[in-house]
Every structure is written in C-alpha cells, then in structure tokens.
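Heads up, the thing below is written out as structure tokens.
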Amino acid sequence: MDCGPDFRQQMLATGVQHLDAIVMTHEHNDHIVGLDDVRPYNFKQGGDMPVFATEKVQKELRTRFAYVFAEGDKRYPGAPMVSLIQIDKKTVFTIKEISFTPIEVLHGKLPILGFRIGDFAYLTDVLQVEEPEIHKLQNLHTLVVNALHHTEHYSHLNLEGALDLIQTIKPQRSFLTHMSHRMGKHATINKTLPFGVELGYDGLQFSVPMP
10 MDCGPDFRQQ
20 MLATGVQHLD
30 AIVMTHEHND
40 HIVGLDDVRP
50 YNFKQGGDMP
60 VFATEKVQKE
70 LRTRFAYVFA
80 EGDKRYPGAP
90 MVSLIQIDKK
100 TVFTIKEISF
110 TPIEVLHGKL
120 PILGFRIGDF
130 AYLTDVLQVE
140 EPEIHKLQNL
150 HTLVVNALHH
160 TEHYSHLNLE
170 GALDLIQTIK
180 PQRSFLTHMS
190 HRMGKHATIN
200 KTLPFGVELG
210 YDGLQFSVPM
220 P
C-alpha cells in the first residue's frame, strides 16, 4: 500500500524483487512521494507499474509528478513508467486474482481509503470510520490500523481511539502502525496492550489464513 518517502529503503531492506502494483490510500506526501523509485521495477519487469488510485489522488499524482506523465517529446527518457487505474470507494477491484474491497475512512475531514483483502484489512491515517464501512470489516482475522500517540489529534486516531475501533471491529489480531516518536518504546507499550494487539515495526511479517 502507498509509496512513501522511504519506499526505496523498504524495498531494499525486505528484498522485494517483484512488485505487481501499488495501491494508494490518499494523496498526502508521506504516502506518494516515493513514486519516482518505481523505476528499478520498470527496468527489471519491463513495463509500466500499475497504480490504483481514486480520481482525486490521480489528479494530485499528475500535478506533483508531471514529468512522469508527460507525453511525446516532452517525456524525459528514464522517467518512471506508471499506469494509473481508477478506483472508488464502492467498487471491489482485483490485482492478480486478489480482490480488494475499498473501505472509506475519514482522515480528519478528508475521505480516504483503506482496504480489505480477504480476512485482512489495512487502515491508515484514520480518525473515524462510519457505520456502513464498519460493516465491511466484520469477521476479520488481522487488522492493521494507525495509532499516532497518546493524546488526541485532529486527523489521526490516538492509542485509545485505535483500541476503541479494534474493540468495535473485533478482529482476531491487530497491529498498530503510523506511530510517532511520542508513542513510547516498543517493549514498554506492548506490555500495556490488550491480548491480540501489538505495535507494528519495520520488517514485520505475518500470515493471514486465506478464506
């Protein structure tokens, strides 16, 4: 999901040799600014990188990365090759036979998308999830959700809010992500969390049973 400023470092650290697509949650820089670093995958895989994004996010990508989407003799040789594929909050889409169900959440007042894939869901930059979207998150095995720190924030869940959302959704297991340095040390905070809830970390790997 997404393509943030440390996208290159993440791919190198985890040894990802092939990337089928990128799915964008929203247009903020910390989620899109690493787009230029898809170029090694263009060269290695010999084609455009599919990027799934809403119409609004696509507009921002075309503005901020105009050189990527330039055409004809205006296109710079060696620029990233990206194929934009439009998605919306209502329509399930498929990547390599894997179905993605969009989940609309509010990032402050900004509607953005999270995604459910089978019995796994990824929600980042959430402040609020309204009831129709909560319904899409029933019977989850694993939930990844943001928890910025301990105090209230205007656009992100804090730890208390994230735990309340987890209690509402009731997944079997949850990992907290998008944490700031104000959260506290991993080992210290983990001891305070309910059973089945853990802080995430760079390089975390886990499996989810396929339905």
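Sequence positions in the sequence shown follow my numbering and run 10 to 220.
In this text, a Cβ means the ideal position worked out from N, Cα and C, and glycines have one as well.
{"query": "Since S189 and L166 are thought to touch, with beta carbons under 8 Å apart, how far apart are those beta carbons, to the nearest angstrom?", "result": "12 Å between Cβ atoms; not a contact."}
{"query": "So G123 is in the beta strand (DSSP E); what residue range does that whole segment cover?", "result": "L119 to I126"}
{"query": "Closest Cβ-Cβ distance between V25 and chain B: below 8 Å?", "result": "Of the chains in the structure shown, none is chain B; there is only one protein chain."}
{"query": "In whole angstroms, what is the alpha-carbon distance linking G127 and F109?", "result": "8 Å"}
{"query": "Can you confirm whether the stretch 131 to 150 touches the stretch 70 to 86 when touching is taken to mean that 3 or more C-beta pairs between the two stretches lie within less than 8 Å?", "result": "no"}
{"query": "How would you label M219, buried or exposed, when you count the other beta carbons within 10 angstroms and need 16 or more for buried?", "result": "exposed"}
{"query": "How would you write the range of the beta strand (DSSP E) that V155 sits in, first residue to last?", "result": "Per the sequence presented here, residue 155 reads as Asn, with Val not at that position. Run containing N155: T151 to N155, per the beta strand (DSSP E) assignment."}
{"query": "Identify the residues that DSSP records as bridge partners of P141: which are they?", "result": "Answer is none; P141 lacks a bridge partner."}
{"query": "Could you tell me whether the Cβ atoms of N51 and P89 are closer together than 8 Å?", "result": "yes"}
{"query": "CB I31 to CB V60, shorter than 8 Å?", "result": "yes"}
{"query": "Roughly how many angstroms separate the alpha carbons of G193 and G87, rounded to a whole number?", "result": "42 Å"}
{"query": "Leaving out five residues on either side along the sequence, give the residues of the same chain with a beta carbon under 7 Å from the beta carbon of V101.", "result": "S108, F109 and T110"}
{"query": "Just list the residues that DSSP pairs T110 with in beta bridges.", "result": "R125"}
{"query": "Would you list the residues sitting across from Y131 in a DSSP beta bridge?", "result": "F124 and V153"}
{"query": "Determine, using beta-carbon pairs with one atom in the stretch 144 to 159 and one in the stretch 174 to 187, whether at least three such pairs fall under 8 Å.", "result": "yes"}
{"query": "Please state whether the Cβ-Cβ distance between G232 and S164 is less than 8 Å.", "result": "With the chain covering only 10 through 220, there is no way to say anything about residue 232."}
{"query": "Can you check DSSP and say which residues form a bridge with P14?", "result": "P14 is not bridged to any residue."}
{"query": "Do D46 and F16 come within 8 Å of each other at the CB atom, strictly closer than that value?", "result": "yes"}
{"query": "Is the beta carbon of L93 sitting closer than 8 Å to the one on Q67?", "result": "yes"}
{"query": "If you draw a straight line from the alpha carbon of E106 to that of L208, how long is it in whole angstroms?", "result": "30 Å"}
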